[in-house]
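First the structure, in the form of structure tokens, and then the observations on it.
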Amino acid sequence: MVYGVYFLLQTKKGEENIHVGPGWYIENQDIMLEKGDKVSVRGSRIKFKKESVIVAFEIRRAKQTLRLRDRRGYPYWYAWR
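Under numbering that gives the first Met the number 0, the sequence shown has 26 at position 27, and the numbering climbs by one with no breaks.
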């Protein structure tokens, strides 16, 4: 079974639910995010199961960037299938 990775991001305005991508893809990336990391997220806000969430395009931590989608919004993990 495929599971998705998501996290709650604490911002000045409150918590944001960030949808990252499938676990098997995230586990094979060079960057590992830990609780308490200061990150910036670029993505699109959507409605998912009646909740507002952000689908991440990229996540930055210090000098590292986890790229998840291309400019058109297509997930990079599609190429892995």
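The C-beta atom is built at its ideal place from N, Cα and C for all residues, glycine as well. These numbers come from a predicted model, not from an experiment.
Taking Cβ to Cβ, would you say residue 20 is nearer than 8 Å to residue 3?
For the 8 Å CB-CB criterion, residue 20 and residue 3 form a contact.
Member of 14, 26, 8 whose CA lies at the smallest distance from the CA of residue 34:
Selected option, being the one with the closest Cα: 8.
Report yes if the C-beta distance between residue 38 and residue 32 is below 8 Å; otherwise report no.
A contact, by the Cβ cut-off of 8 Å.
Start-end ranges of the alpha helix (DSSP H) lying completely within the segment 2-62, minimum 4 residues
Fully enclosed alpha helix (DSSP H) runs of 4 or longer: 22-25.
So residue 75 and residue 66 are in contact, right, with Cβ under 8 Å, and what is the actual spacing, rounded?
Right, their Cβ atoms sit about 6 Å apart.
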